[in-house]
Every structure is written in structure tokens, then in C-alpha cells.
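**Q** To start, I am sharing the structure in question, which I have written as C-alpha cells.
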Amino acid sequence: MSPGGNRWDGEGRPDRTVLNRAQFTDTDAESLLATVTIALGEVLDEDPMLLEPPLASVAEWDALERLFTEQRPGESVIEYVAFTYRDVEVVIRGSGEVLVCEPR
841 MSPGGNRWDG
851 EGRPDRTVLN
861 RAQFTDTDAE
871 SLLATVTIAL
881 GEVLDEDPML
891 LEPPLASVAE
901 WDALERLFTE
911 QRPGESVIEY
921 VAFTYRDVEV
931 VIRGSGEVLV
941 CEPR
């Protein structure tokens, strides 16, 4: 995980502040859910395992993980998936980059 500070609008243009970023790859021991949970916990300054509501209840993580792991190497068919969790927006890019951003 690395602190944000730059801005992102979904197209690479400045729009909103990135508060944290992480990288998910299908070769990681960490699942996509774990990667996002840890990034959110850092931004919200909370224990990731104690987030309320539980992150597992706000998205279909098995389906999301399949979307990002079943792409052909070097091909990113999915541009990004985004959702709001509490006071921040979570963006998972086709490259596996996870961004936690200020809301729009």
C-alpha cells in the first residue's frame, strides 16, 4: 500500500484525490477482498478486520476476483469497477490497481 495524494478521474485526468493505492495480482497470496480491505482500513484508520459494514457484504467478491484474474495476460478488458464504501470511493482498475479516493 502506498499513500495517495495524486488525483484520478477514471480516465487518468485530475479530478479527485487518491487517498491510498494498492496492487492486486492473481499471483498474490492475498485475495482481492483482502487487498481492498487493508487499503480501506489504512484510509479509515481502523482495523481492516473490524470494518463495519463488513466489506464482504457490499460486493460479490468471488465474481469481482474472477473478472480480474480470468483476463488474458496483457489484456485489460475491464477498465475499472468502482463503488462507494462509507465516506470514500473504491476503484479497482483492470490492471489490478486499487485506489481509495475522496468521493466525487
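Heads up, the sequence shown is in the working numbering, so the first residue is 841 and it goes up one at a time. Glycine is no exception: its CB is placed at the ideal position from the N, C-alpha and C atoms. All figures in this text were calculated on a predicted structure; none of them were measured in a lab.
So, phenylalanine 908 versus isoleucine 878, is the Cβ gap smaller than 9 Å?
**A** Looking up residue 908 in the sequence shown gives position 68. Looking up residue 878 in the sequence shown gives position 38. Their beta carbons are not under 9 Å apart, which means phenylalanine 908 does not touch isoleucine 878 by this criterion.
**Q** When you compare only the Cα positions, how much space is there between alanine 869 and threonine 875?
**A** One-based indexing of the sequence shown puts residue 869 at position 29. One-based indexing of the sequence shown puts residue 875 at position 35. Each residue's Cα considered, the two are about 10 Å apart.
**Q** Under the three-state reduction of DSSP, which class applies to glutamate 929: helix, strand or coil?
**A** The count along the sequence shown starts at 1 and reaches residue 929 at position 89. Strand, per DSSP.
**Q** Out of Leu904, Val898 and Glu882, point me to the one whose CA is closest to cysteine 941's CA.
**A** Looking up residue 941 in the sequence shown gives position 101. Comparing Cα-Cα distances from cysteine 941 to each of Leu904, Val898 and Glu882, the minimum goes to Glu882.
**Q** Check the C-beta distance from glycine 936 over to glutamine 863 and give it rounded, since I have them as a contact under 8 Å.
**A** Here residue 936 corresponds to residue number 96 of the sequence shown, with the count starting at 1. Here residue 863 corresponds to residue number 23 of the sequence shown, with the count starting at 1. Confirmed, about 6 Å.
**Q** Counting only the same chain and skipping the five closest in sequence on each side, list residues whose C-beta sits under 7 Å from that of aspartate 927.
**A** Sequence index remark: in the sequence shown, residue 927 carries index 87 (1-based). Cβ within range, chain order: Pro943.
**Q** So if DSSP puts alanine 862 in a beta bridge, which residue, or which two residues, is it bridged to?
**A** Stepping through the sequence shown from its first residue, residue 862 is reached at position 22. DSSP, once it has assigned bridges, lists Val938 as partnering alanine 862.
**Q** Among the candidates Asp866, Asn860 and Leu859, whose CA atom is the shortest distance from the CA of aspartate 902?
**A** Position 62 of the sequence shown, counted from the start, is the residue given in the question as residue 902. If we check each option's Cα against that of aspartate 902, Asp866 comes out closest.
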